[in-house]
Each structure stands twice: as structure tokens, then as C-alpha cells.
Amino acid sequence: MKIAIIGAGNVGTALATSFKRAGHDVIITSHDPEDAGTVAATTGARVATSNAAAAGEAEIVVLATPFSSAAEIAREIATAVAGKPVVDVTNRMSFGAAGPEIDTSSSNAEDLAALLPAAHVVKAFNTLFASKQVDPTSAGAGLDGFVAGDDAAAKALVLELVASIGLNPVDVGPLSRSRQLEGLAFLNISLNVAHGGSWQSAWKLIGAPATQPKAA
Ligand SMILES: NC(=O)c1ccc[n+]([C@@H]2O[C@H](COP(=O)([O-])OP(=O)(O)OC[C@H]3O[C@@H](n4cnc5c(N)ncnc54)[C@H](OP(=O)(O)O)[C@@H]3O)[C@@H](O)[C@H]2O)c1
2 MKIAIIGAGN VGTALATSFK RAGHDVIITS HDPEDAGTVA ATTGARVATS
52 NAAAAGEAEI VVLATPFSSA AEIAREIATA VAGKPVVDVT NRMSFGAAGP
102 EIDTSSSNAE DLAALLPAAH VVKAFNTLFA SKQVDPTSAG AGLDGFVAGD
152 DAAAKALVLE LVASIGLNPV DVGPLSRSRQ LEGLAFLNIS LNVAHGGSWQ
202 SAWKLIGAPA TQPKAA
């Protein structure tokens, strides 16, 4: 698959590593082009001249930036992503008097879909810390890659991408299920913050029902 990753931080680096290892063609961008260049040099990804150029070339576009950049990026890529899957990896969190908080009345993925009405937004990879996006195992167990989305074809392609990097793909339903997926990530992050965790914990649904059509 030809995949554009927007964002070359922890997640952009981790997914570029996994996608290249799985044999995909990866194009990466960042705010500061030097950052994308560094990731490209270490992973074998290519650098594009702009977010729009990367999105225009790709079959799948992955948003791996803070959600605060989403509106600006959506304006840049809106035309290029029409009809394409846009994978939202972002998480939702703010800090209040009692520590980390989450607004569950919507989700970043649904907010992104409103910003990109011609694209097919799919939620994936957000429940895994970047270290687990590179190595999708924990305590000897293979991890799940939870995927939510409203467009069947776009979701099927993203489930295939999830499986290609060694995750067990789990279709959790429509894009509105992103509220729960962002909640799972929030819980894991807030536990690690509260208890000085090693950021190695991960979600796996034991005995998850098969959500993929059985091979003929
Ligand atoms: N870290 C994790 O383990 C983890 C796991 C799952 C989900 N997430 C979510 O994934 C997202 C990224 O997290 P991260 O840890 O990778 O963040 P990060 O290390 O801070 O990296 C963010 C990247 O986004 C880039 N960026 C910001 N605005 C941009 C723009 N307008 N155009 C292109 N690139 C832009 C930054 O570029 P510059 O550096 O050049 O400014 C940087 O490369 C967040 O929403 C986070 O909630 C994180």
C-alpha cells in the first residue's frame, strides 16, 4: 500500500518503521521538514514537500499529529483525500484540577470527519503506545488493533493495514465507537501518569469475537 503519514514524532516514527517493515511505500511529512527527513533516513520512508503532496500520492493518509493541528491540516489536504481513508491516530485529553480529563460527548475522529466530509475517516492505532506500534506484543501476547469507521471499503483496507504490521485486527463498529477507543487510550495513559508506569501496558480483548470474514 502507498501510505502518507502526516507527523514525524513518536507515532509517525513508529508507524513508518512498522509500515516499511511490512513492505509498504511510506511518505512522511512534518511541520519542520528536517524532522520528516530524519525519520525518512532511519526508516526508509520518503519525504514529501507538503502535507497535500503526500496525501495526493497516497492510497491511505494517517494523521499522527496533535489534534490541535487537525483543522489546519484538514484545510491543506481536503481536496487530496476526497474518497480516501484517513486514519486518525490522535488521542483526546486535557488536564484539570483532578488530573487528566476526557470529553466523551464526541471524539477526535468524529470531529476530523466533520472537517473532512469528502474523506472516509477511520480510527486505528490510537490505543497502542508508540513502542507497541513498533512491537505489537506485550508480556508475550500479540496485541489487538481496534478499528472503527463508517465506510466499509475504507475500514476493510485499514483492517488489512493493521494486520500487516502484526496486530490482531478487531472491527469495533462505526466511527462513533472512537469515543470508546479514545477512552481506552485515556485510561491507559492516565494509569501510567498516576503510577509512574513504564508505558508498556497495552489493551487486548481476551476471546474477542472474530470480526473478520473467514477466508474462503
Ligand atoms: N505517543 C504515543 O505513544 C501515542 C500513541 C497513540 C496515539 N498518540 C497520538 O498521536 C498523535 C501524535 O503523537 P506523538 O507522540 O507522535 O506526538 P509528537 O511526538 O509531538 O509528534 C507530533 C508530530 O506532528 C507534527 N506536526 C504538528 N503539526 C503539523 C502540521 N501542521 N503538519 C505536519 N506535521 C505536523 C510535528 O512536526 P514538528 O515536530 O516538525 O513540529 C511532529 O512531527 C497525538 O495526537 C497523540 O495523542 C500518541
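Residues in the sequence shown are numbered from 2 upward in steps of one, following our numbering. Don't be surprised by glycine CBs; every beta carbon is placed ideally from N, CA and C. Treat the numbers as computed from the prediction; the structure is a model and nothing was measured.
Check: Supposed close pair Val-63, Leu-113 - CB separation, criterion 8 Å; Outcome: Actually they do not touch by this definition, with Cβ atoms about 12 Å apart.
Check: Distance cut-off 6 Å: Pro-243 Cβ against heavy atoms of ligand 1; Outcome: With the chain covering 2 to 217 only, the question about residue 243 has no answer from this structure.
Check: Cα-Cα separation between Ala-217 and Pro-210, rounded to whole angstroms; Outcome: In this prediction, Ala-217 has a pLDDT of 44, which is less than 50 and means its spatial position is unreliable; what the coordinates show is noted afterwards. Rounded to whole angstroms, Ala-217 to Pro-210 spans 18 Å at the Cα level.
Check: Three or more C-beta pairs below 8 Å linking the stretch 119 to 132 and the stretch 83 to 94; Outcome: yes
Check: Per-residue DSSP class, three states only, for Gly-102; Outcome: According to the sequence shown, residue 102 is Glu rather than Gly. Glu-102: strand per DSSP, three-state reduction.
Check: Three-state secondary structure (DSSP) of Lys-3; Outcome: strand
Check: Runs of alpha helix (DSSP H) lying entirely within the stretch 122 to 204, each at least 4 residues, in chain order; Outcome: 131 to 135, 153 to 165 and 179 to 196
Check: Collapsed DSSP secondary structure at Ser-51 in the structure displayed; Outcome: coil
Check: Of the listed residues Glu-35, Pro-101, Pro-34 and Ile-7, nearest to Val-27 (C-alpha basis); Outcome: Ile-7
Check: Whether Gly-57 touches Val-48 by CB criterion (7 Å); Outcome: no
Check: Nonlocal neighbours in the same chain, by C-beta distance under 8 Å from Ala-53, ignoring five residues either side; Outcome: Glu-77, Ile-78, Thr-80 and Ala-81
Check: Per-residue burial, Thr-14 [other beta carbons within 10 Å of its own, 16 or more giving buried]; Outcome: buried
Check: Asp-151 versus Val-163, Asp-172, Ser-165 and Pro-137, residue with shortest Cα-Cα distance; Outcome: Asp-172
Check: Between the CA atoms of Ala-195 and Gly-10 - distance to the nearest angstrom; Outcome: 24 Å
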